[in-house]
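In my numbering, the protein residues as written are 1 to 319. Beta carbons: idealized from backbone N, C-alpha and C, even for Gly. The structure under discussion appears below in the form of structure tokens.
Quick look at the structure:
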């Protein structure tokens with residue numbers, strides 16, 4: 001066999017392997033959800049009797065599905081959809097029924113359609129429907145997609161436990177949470193810290209606690225001290241400071257009470273280039289969180305964490 005023939009054979013094998021991997025990847029990809037366009041209808045335009053008839057059809061689909069009568073269930077659901085098309089509560093109800101039957105694609109389609117039909121005066125219902133969509137994704141083995149929906153809702157106070165459950169069991173989830181915390185909602189650093197602790201990653205947990213302390217609740221002395229203790233125990237002294245907070249504190253501190261620019265910069269632990277503070281400043285924090293860390297309270301909390309933590313280096317080395 002000539003060298004050229006061998007090279008052709010190797011190239012063919014590589015191409016076949018690549019093609020096979022592409023086919024397998026495509027086969028594993030979730031089925032795309034196609035959301036049809038329907039005309040919006042006002043639920044108030046439907047009589048109670050009509051509404052009850054539609055809901056009965058959905059219930060009939062549920063019952064037939066439980067009896068493994070797929071054809072009969074689909075017939076009932078299709079009839080309910082025909083009668084209630086354009087009514088967002090009906091599409092939401094169909095989504096619930098499909099989700100119970102483990103028909104993920106159909107459930108996701110109905111949830112997305114329902115959310116698009118919700119009127120502005122009932123906008124909070126979109127979050128409720130989105131949360132159902134996330135739960136359906138999670139139950140169908142698509143945890144990262146579910147986590148993305150929960151993150152986009154920006155309600156860690158409501159869905160933190162669900163996100164925690166996903167993140168503990170799912171690779172790459174905590175990294176997704178931390179990226180979202182960095183750019184949109186720093187409250188999520190608390191969730192990231194909890195995930196790291198569950199995974200016995202104490203260093204990463206301490207760093208997340210420190211970021212939460214200085215970017216979300218700088219006035220919370222107890223929270224600050226917990227972050228300090230965690231950072232001391234893991235000996236991550238550099239991570240005791242959110243450098244962005246020092247830059248922010250430098251810009252808002254009372255200039256008359258500390259000294260000249262160079263003295264203030266040294267006190268805050270940043271570097272001046274010309275008249276600019278060049279500590280790394282976190283960007284993209286949403287307006288609410290950004291407002292929380294502005295001003296003197298944030299500077300005081302950040303300074304306390306820095307002094308307390310870095311002040312312990314000598315004592316830690318002595319041990």
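- residue 163 versus residue 230: straight-line alpha-carbon distance, rounded: Numbered from its first residue, the chain shown carries residue 163 at position 163. Numbered from its first residue, the chain shown carries residue 230 at position 230. Residue 163 and residue 230: Cα-Cα distance of roughly 23 Å.
- Query: Excluding five sequence neighbours on each side, which residues of the same chain lie with their C-beta closer than 8 Å to the C-beta of residue 212?
  - Reply: Position 212 of the chain shown, counted from the start, is the residue given in the question as residue 212. Around residue 212: 186, 187, 189, 190, 193, 223, 227.
- Query: Exposed or buried, residue 169, counting other C-beta atoms within 10 Å across all chains shown (16 or more means buried)?
  - Reply: Start at 1 with the first residue of the chain shown, and residue 169 comes out as number 169. The residue is exposed, with fewer than 16 neighbouring Cβ atoms inside 10 Å.
- Task: Kindly list the residues whose CB is nearer than 8 Å to the CB of residue 156, restricted to its own chain and excluding five residues on each side of it in sequence; keep chain order.
- Result: Taking the chain shown and counting its residues from 1, the one referred to as residue 156 is at position 156. Around residue 156: 163, 185, 187, 188, 190, 191.
- Item | Burial state of residue 138, where buried means 16 or more other Cβ atoms lie within 10 Å | Here residue 138 is taken as the residue at index 138 of the chain shown, counted from 1. Label assigned to residue 138: buried.
- Task: Could you spell out where the alpha helix (DSSP H) holding residue 204 opens and where it closes?
- Result: Mapped onto the chain shown, residue 204 falls at position 204. Where residue 204 is concerned, the enclosing alpha helix (DSSP H) stretches over 202-215.
- Message: For residue 328, report the span of its alpha helix (DSSP H) as first-last.
- Response: This structure does not reach residue 328, given that the chain is present from 1 up to 319, and the question cannot be answered.
- Query: So residue 80 packs on residue 95, CB below 8 Å; how close in whole Å?
  - Reply: In the chain shown, residue 80 corresponds to position 80, counting from 1. In the chain shown, residue 95 corresponds to position 95, counting from 1. Not really, about 12 Å apart at Cβ, beyond 8 Å.
- Message: For chain C, check one thing: does any of its Cβ atoms lie closer than 8 Å to the Cβ of residue 136?
- Response: The structure shown contains no chain C; it is built from a single protein chain.
- Query: Out of curiosity, what's the CA-to-CA distance linking residue 40 and residue 86?
  - Reply: Position 40 of the chain shown, counted from the start, is the residue given in the question as residue 40. Position 86 of the chain shown, counted from the start, is the residue given in the question as residue 86. Going by the C-alpha atoms only, they are around 4 Å apart.
- Query: Is it buried or exposed for residue 54, if we count other Cβ within 10 angstroms and need 16 for buried?
  - Reply: For the purposes of this step, residue 54 is taken as residue 54 along the chain shown, with counting starting at 1. So residue 54 counts as buried.
- Query: Of the choices 214, 136, 204, 147, whose alpha-carbon is the least far from that of residue 102?
  - Reply: Sequence index remark: in the chain shown, residue 102 carries index 102 (1-based). Closest by alpha carbon: 136.
- Message: Quick check: what's the CA-CA separation for residue 112 versus residue 73?
- Response: For the purposes of this step, residue 112 is taken as residue 112 along the chain shown, with counting starting at 1. For the purposes of this step, residue 73 is taken as residue 73 along the chain shown, with counting starting at 1. About 21 Å.
- Message: Given a cut-off of 8 Å on the beta-carbon distance, is the pair residue 104 and residue 127 in contact?
- Response: Taking the first residue of the chain shown as 1, we reach residue 104 at position 104. Taking the first residue of the chain shown as 1, we reach residue 127 at position 127. Cβ atoms of residue 104 and residue 127: not closer than 8 Å.
- Message: Cutting at 6 Å between CB atoms, please list the residues of its own chain near residue 90, excluding the five before and the five after it.
- Response: Locating residue 90 in the chain shown gives position 90, counting from the first residue. Only 54, 84 meet the Cβ criterion.
- Message: Taking 6 Å as the limit between beta carbons, can you name the residues of its chain near residue 209, skipping five residues before and five after?
- Response: Taking the first residue of the chain shown as 1, we reach residue 209 at position 209. Taken in chain order, the residues that qualify are 193, 227, 230.
- Excluding the 5 residues preceding and the 5 following residue 273 in the sequence, name in chain order all residues of the same chain whose CB lies nearer than 6 Å to its CB. For this step, residue 273 is matched to residue 273 along the chain shown. Reliability fails at residue 273, whose pLDDT of 40 lies under 50, so the model's placement of it is uncertain and the value that follows must be treated cautiously. Within the same chain, residue 273 has no close Cβ partners at all.
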